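2 protein chains.
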Amino acid sequence: MVTDQLSKVFSALSDPTRRDILVRLGEGVATVTELAEPFPISLPAVSRHLKVLEQAGLISRDRQAQWRTSTLRAEPLKEATTWMDHLSRLWDERFDRLDAHLEVMKKQLQDNQTTPEDKEENDD
Amino acid sequence: MVTDQLSKVFSALSDPTRRDILVRLGEGVATVTELAEPFPISLPAVSRHLKVLEQAGLISRDRQAQWRTSTLRAEPLKEATTWMDHLSRLWDERFDRLDAHLEVMKKQLQDNQTTPEDKEENDD
Chain A
1 MVTDQLSKVF
11 SALSDPTRRD
21 ILVRLGEGVA
31 TVTELAEPFP
41 ISLPAVSRHL
51 KVLEQAGLIS
61 RDRQAQWRTS
71 TLRAEPLKEA
81 TTWMDHLSRL
91 WDERFDRLDA
101 HLEVMKKQLQ
111 DNQTTPEDKE
121 ENDD
Chain B
1001 MVTDQLSKVF
1011 SALSDPTRRD
1021 ILVRLGEGVA
1031 TVTELAEPFP
1041 ISLPAVSRHL
1051 KVLEQAGLIS
1061 RDRQAQWRTS
1071 TLRAEPLKEA
1081 TTWMDHLSRL
1091 WDERFDRLDA
1101 HLEVMKKQLQ
1111 DNQTTPEDKE
1121 ENDD
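In order, the protein sequence lines correspond to chains A and B. Okay, so the first sequence: first residue is 1 according to the numbering used here, each after it adds one. Okay, so the second sequence: first residue is 1001 according to the numbering used here, each after it adds one.
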């Protein structure tokens, strides 16, 4: 299901180590050992992160000789970016309408500040 | 911490109901009852989703008379979108480099297919 896949992508992105791994994979295919190198965590912990990224479809894992390497997969990230762009546009429209609404409210407030009582007082 | 906030935003986005709530809030401020209306889940369940969105900084919750309303907050979403755009650019560069690398490999493969043995055979 598309929605589920999107949830998995966002869930995979909700961890700083996994985000760093994705940035690192932007430099090229890497083995688990290479990916683990900058992190103060164990190889099995890195493997678990890779499994989450793989299940989200963000990476594919292949065996090259005795090494298991990870490679980026662009499509699910694009889908997530598209969804966020869609939401951003909706929100921008909302904030534009809100600005217009606030202008109307501001005008009403200014008008109310000149109440009939004020007018009468002013008239005196 | 910025990273933590980003993790919270992605985590908040990793649920289809919460994403639908964010889209609904693009139409305007809403009460819990209004937000719960389209979903087959209880009011407390919707409240829990709203709490997650609030902790991620994606919405703010205010009390208007006896109603508690939710409003969008754009900044954290923008930060998350910026991070994803950054990653997308990194990945695009990576795929461009990969394409170039594959071209080189393809050429090498073509050259290897014309091995010295082949050449000798061809020479015969």
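Virtual Cβ for every residue (Gly too), placed ideally from N, Cα, C. Please read these numbers as outputs of a predicted model, since none were measured by experiment.
- Remark: C-beta atoms of B:V1029 and B:V1046 do not approach each other more closely than 8 Å.
- For B:L1102, no Cβ of chain A is located within less than 8 Å of the residue's own Cβ.
- Listed by position along chain A, the residues whose Cβ is nearer than 9 Å to that of B:D1062 form an empty set, because the closest Cβ is around 14 Å away.
- For A:P76 and B:V1009, the gap between their C-alpha atoms comes out near 18 Å.
- Interface criterion not met: the Cβ of A:D99 is under 8 Å from no Cβ in chain B.
- Remark: three or more beta-carbon pairs, one from each stretch, lie closer than 8 Å, so the segment 1048–1055 of chain B and the segment 1005–1024 of chain B are flagged as touching.
- Residue state for A:S14 is assigned as coil, using DSSP reduced to three classes.
- Nearest CB-CB separation between B:P1038 and chain A: not below the 8 Å threshold.
- Proximity of chain A to B:A1074 at the Cβ level (cut-off 7 Å) is accounted for by W91, F95, in chain order.
- For the segment 1013–1028 of chain B, the residues whose beta carbon sits under 9 Å from a beta carbon of chain A are, in order, L1013, S1014, D1015, P1016, R1019, L1022, V1023, L1025, G1026, E1027, G1028.
- Chain order gives the chain A residues near B:T1081 as T81, M84, D85, L87, S88, where near means a beta carbon separation below 9 Å.
- Taken through DSSP and simplified to helix, strand or coil, B:A1030 comes out as strand.
- Within chain A, M84, L87, S88, W91 have C-beta atoms less than 9 Å from the C-beta of B:L1077, given in sequence order.
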